[in-house]
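Each residue of the sequence shown is one higher than the last, beginning at 733 in the numbering used here. All residues carry an ideal CB built from backbone N, CA and C; glycine is no exception. Owing to the predicted nature of the structure, the values given are computational and were not obtained by experimental measurement. Since the structure comes first, as C-alpha cells, the remarks are kept for the end.
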Amino acid sequence: MKKIFILGATGSIGGSTLHCLKALQENKDYETKFEITGISFNENIEKAKKILSDFSIKNVVTHQEKAYFEIKKEFPQVKVYFNIEEALKENDFDILVNGISGSAGLLPTITAIKKKAKILLANKETLVIAGEMINELLKKYQTSIIPLDSEHAAIFQLLLKHNINEKNLKKIILTASGGPFFKNHEENPSLEKALKHPNWKMGKKITIDSATMMNKGLEVIEAHFLFNLSYDKIETIIHPESIIHSFILTSDNTHYAQLGSPDMKHPIHNALTHPEIIANDFSPYDLTNKKLTFHEVDYEKFPLLKLAYDCGRKGGSTLIVMNAANEMAVHLFLQKKISYRQIHLIIAEEVNEHQKLKEPQKPNLNEIIALDLAVKSKIKSKFG
Ligand code: NDP
Ligand code: MG
733 MKKIFILGAT GSIGGSTLHC LKALQENKDY ETKFEITGIS FNENIEKAKK ILSDFSIKNV
793 VTHQEKAYFE IKKEFPQVKV YFNIEEALKE NDFDILVNGI SGSAGLLPTI TAIKKKAKIL
853 LANKETLVIA GEMINELLKK YQTSIIPLDS EHAAIFQLLL KHNINEKNLK KIILTASGGP
913 FFKNHEENPS LEKALKHPNW KMGKKITIDS ATMMNKGLEV IEAHFLFNLS YDKIETIIHP
973 ESIIHSFILT SDNTHYAQLG SPDMKHPIHN ALTHPEIIAN DFSPYDLTNK KLTFHEVDYE
1033 KFPLLKLAYD CGRKGGSTLI VMNAANEMAV HLFLQKKISY RQIHLIIAEE VNEHQKLKEP
1093 QKPNLNEIIA LDLAVKSKIK SKFG
C-alpha cells in the first residue's frame, strides 16, 4: 500500500493524477494499491466536494474559511485543515504529488522531503526559486523527485532507459510548442487569445507562461537543478505539434526522443508506477501520415526565454525575483490590470533593478520567502 498526498487536487495536474490513480486501482494486474491520505485545494469547493464523494480521502486542506466549514459539515469523516504544512506534518504518506501553481508549492515540498516522501513534482517554481536548497535536502533526507513536467519526465525516462551517465550525455533539448503566438505572432494580444493554447489543457498561469514562453524558461532552470546540467547543455527547440516531449543527445551524436500525445496522464502514470512499466488503456500516438516540425527559437519574439537563461546563469536571488515578478505580472494580466506586453517589461525591470543590489547568492529559506513576497507586493502596489 502506498500512501499519497495530492496538492492542488482540483487543478489540471490534480485531476489527471486522480484519473491515473483510479485506473491503477482498477487494474487487476497491478498489485500495488494506493491510499489517498489527503488532498489540498484553494477555493474550488464544488470540485473538491466531487472528489471527496468519488474517492475515499481522510484529510483535506483549503485556505478558504467558507470551504473549510462547508466540508467539515458535509463530510464529517474528513479532517479539514487550513494549512498544508500542518496537514503534511500530522499525517504519514509515501508520495507527495505537488500540483500547486507558483511559489506556494515550495514550503510543502520541503515539509514532504523532511518526511522522506518521494516527490512527484509538477510545481516547477519550487526548483526555480530554491533548486540548490531542494537538492541539498533531497540528499540529506535520502529521497528523490520524479518530474511530472512532460519534458523533464521524458528526459528522466530517456536517461534511465538508455543508462546514460554524465560523461556520455552531450546535451538535452527541451521541446516547446511555441504557444498560440508562434505561428501568428502578436505584440500585444488579448487575454482571451493568450489563454487559447494550441495543444495542452492546463491551468491559467502555465497557459500564459506558455504563450510568453516563460514556461520554457522556467523549465530550463528546472532541468538545470533536476539533472545537474550546466545551462550550455540545455537547449530548447520549437516543436508546434507537441508530440516529441524532449530529446537527449549522447556524446556519439545520437539523438534519442520520447513521443506521445500531449496528455499529462502519460508522465503521471509513469511516475506513479516508477520504476515499473505498467499497462494502461491510453491510446498510443498514431504515427501514420503525421508531420513533425522543428524550429529555432526567435528570442526577439520570445524575450522571456532569453531572460530566463540569463537569470539562470546568474542564479541565486535573481531567480526568485524573476519568478515572483512573473507570477505577479501574470496574475495582473489574468485580472486584465496590465497588458500582455507589460508582462515582459515588468519582469525585466525587476530583474535589472535587482542586479544593482548586493543580494545573497545562496539565500536561505526566510530570505527566499521574504524576497518573493517583497517583489510581488511591490508590483501589486504599482499596477494592482
Ligand atoms: P491549476 O491552476 O489547474 O491548479 C492549481 C491547483 O492548486 C488547484 O487545485 C488550486 O486550487 C490550487 N492552488 C492555487 N493556488 C494555490 C495556493 N496559493 N495555495 C495552495 N493551492 C493553490 O494549475 P495546473 O495544474 O495547470 O499547474 C500546477 C503546477 O503544475 C504548476 O506549477 C504548473 O506549472 C505545473 N505543470 C502543469 C502542467 C499542466 O498540464 N497543467 C504541465 C506541467 C507542469 P483551486 O482549484 O481551488 O483554485
Ligand atoms: Mg512542460
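Do residue j and residue i come within 8 Å of each other at the CB atom, strictly closer than that value?
i, j, result
"V952", "T968", "yes"
"I887", "F959", "yes"
"D866", "T841", "Residue identity differs from the one stated: residue 866 is Ile in this sequence, not Asp. Yes, the pair counts as a contact, with Cβ atoms nearer than the cut-off."
"G1047", "Y1017", "no"
"D724", "I1052", "There is simply no residue 724 to check, as the chain begins at 733 and stops at 1116 in what is shown."
"A908", "I970", "yes"
"G747", "F773", "no"
"F766", "K734", "yes"
"I1111", "A1040", "no"
"F957", "L859", "yes"
"N830", "L853", "yes"
"E954", "K848", "no"
"V812", "K804", "yes"
"T944", "H1086", "no"
"L839", "E817", "yes"
"L880", "I1010", "no"
"I878", "K899", "no"
"N1002", "A1080", "no"
Could you check how far apart the C-beta atoms of residue i and residue j are, in whole angstroms? I think they sit under 8 Å.
i, j, result
"L927", "K936", "7 Å"
"I845", "T875", "6 Å"
"L1066", "L923", "7 Å"
"S882", "M996", "7 Å"
State the beta-bridge partners of residue i as determined by DSSP.
i, result
"F1034", "Answer is none; F1034 lacks a bridge partner."
"A908", "I970"
"Y813", "V793"
"E767", "K735"
"S744", "According to DSSP, which records beta bridges pairwise, S744 is partnered with nothing at all."
"K893", "According to DSSP, which records beta bridges pairwise, K893 is partnered with nothing at all."
"H1027", "I970"
"S772", "L739 and V793"
"L901", "T982"
Spell out whether any CB of chain C is found under 8 Å from the CB atom of residue i.
i, result
"L891", "Protein chain content of the structure displayed is limited to a single chain, and chain C is not contained in it."
Check whether the Cβ of residue i lies closer than 7 Å to any heavy atom of the ligand GDP, and answer yes or no.
i, result
"G746", "The model depicted lacks the ligand GDP and carries the ligand NDP and the ligand MG instead."
Along the chain, which unbroken stretches of the beta strand (DSSP E) at least 3 residues long are found entirely within the segment 821-881?
Here the runs fully enclosed are 827-830, 850-853 and 877-879.
As a quick check of your reading: which residues have a C-beta less than 7 Å from at least one non-hydrogen atom of the ligand MG, in chain order?
Of all residues, those with a beta-carbon under 7 Å from at least one heavy atom of the ligand MG are D881, S882, E883, N947 and E951, reported in chain order.
Please go through the segment 915-950 and give each complete alpha helix (DSSP H) segment of 4 or more residues, from N-terminal end onward.
Whole alpha helix (DSSP H) segments, 4+ residues: 923-926 and 936-944.
Output the residue ranges of the beta strand (DSSP E) runs that lie fully inside the segment 951-1002 and measure 3 residues or longer, sorted by chain position.
As for any beta strand (DSSP E) of minimum length 3 sitting wholly inside the segment 951-1002, the runs are 966-970, 976-982 and 987-991, ordered along the chain.
Could you give the uninterrupted runs of the alpha helix (DSSP H) lying entirely in the segment 1050-1099, keeping only those of 4 residues or more?
Along the length of the segment 1050-1099, whole alpha helix (DSSP H) runs at least 4 residues long occupy 1072-1087, reported in chain order.
Hey, which unbroken runs of the beta strand (DSSP E) at 3 residues or more fall wholly within the segment 777-803?
Fully enclosed beta strand (DSSP E) runs of 3 or longer: 791-793.
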